[in-house]
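Colleague: A single structure is presented below for examination.
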Amino acid sequence: MAMRARIKTAKEAGVKKLYTNYEQLLKGPEIDAVIIALPTHLHLKCATETAENQKHIFLEKPIARNVAEAKEIIAAAQKHSVKLMMGYPMRFATEFQQLKQKMNEGVLGDVEIVQATYISSGPLFHRAEGLTPTPVPEWWFNKELTGGGALID
526 MAMRARIKTA
536 KEAGVKKLYT
546 NYEQLLKGPE
556 IDAVIIALPT
566 HLHLKCATET
576 AENQKHIFLE
586 KPIARNVAEA
596 KEIIAAAQKH
606 SVKLMMGYPM
616 RFATEFQQLK
626 QKMNEGVLGD
636 VEIVQATYIS
646 SGPLFHRAEG
656 LTPTPVPEWW
666 FNKELTGGGA
676 LID
């Protein structure tokens, strides 16, 4: 039932080609890149399969549960000559884009190092703004599934 609703919504939104499983999507010749925004324990399998199918990868952070898995993902991307980009949202934040522009323009002189600290309480950060917090998925609290979490972001 849920799949039919998703298919209907996709068609109404004008989606030209719809895949019902990721293996088909990875074989699609019209697909250049894949966004992987899955729970961390699925990153290794999905990222390596994506690389093996010659698709560029945008991978949500953290890259993996541990350094060994991260190295496997990086090696797969290098072996298959695909680009691998981490989905770190702050790199697209306006204030960081403006800072980078000022650095590139030489406005700030010779910048040798920039350090910034941003701490979020995860899905609960909206509480400070009086908004309803995002529900927390169970897997977030399972160390076996999440690994190092923010420590290896």
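When the letters of the sequence shown are read in order and numbered with the working numbering, they come out as residues 526 to 678. Backbone N, C-alpha and C define an ideal beta-carbon position, used for all residues, glycine too.
Would Thr619 be called buried (16 or more neighbouring beta carbons within 10 Å of its own) or exposed?
Modeller: The residue is exposed, with fewer than 16 neighbouring Cβ atoms inside 10 Å.
Colleague: Specify, as a first and last residue, the run of the alpha helix (DSSP H) that Glu597 falls within.
Modeller: From DSSP, the alpha helix (DSSP H) with Glu597 extends over Val592 to Lys604.
Colleague: Is the beta carbon of Arg590 sitting closer than 9 Å to the one on Thr573?
Modeller: For Arg590 and Thr573, no; Cβs fall outside 9 Å.
Colleague: Contact between the segment 596 to 608 and the segment 623 to 641: three or more CB pairs below 8 Å?
Modeller: Result no; under three Cβ-Cβ pairs closer than 8 Å.
Colleague: Label Ala562 either buried or exposed according to how many other C-beta atoms from any shown protein chain fall within 10 Å of its C-beta, with 16 as the threshold for buried.
Modeller: It counts as exposed.
Colleague: I'd like to check one pair, Ile588 with Met611: are the Cβ atoms closer than 9 Å?
Modeller: Closer than 9 Å, so yes.
Colleague: CB-CB under 7 Å to Phe621, same chain, minus the five flanking residues each way: which ones, in chain order?
Modeller: For Phe621, where only same-chain residues beyond five positions count, the Cβ hits under 7 Å are Met615.
Colleague: Comparing alpha-carbon positions, which option in Ala593, Gly553, Asn546 and Ile560 lies nearest Lys586?
Modeller: Selected option, being the one with the closest Cα: Ile560.
Colleague: Where DSSP assigns a beta bridge to Gly612, which residues make up the other side?
Modeller: For Gly612, which the question treats as bridged, DSSP gives the partners Glu585.
Colleague: Give the C-beta separation of Lys580 and Val540 to the nearest angstrom, bearing in mind that I take them to be a contact with Cβ-Cβ under 8 Å.
Modeller: Not a contact, Cβ separation roughly 18 Å.
Colleague: My guess is that Ala576 and His605 are in contact by the Cβ rule of under 8 Å, so how many angstroms apart are they, rounded?
Modeller: The Cβ separation is near 4 Å, so the contact holds.
Colleague: Reducing DSSP to helix, strand and coil, say where Ile561 ends up.
Modeller: Three-state DSSP puts Ile561 in a strand.
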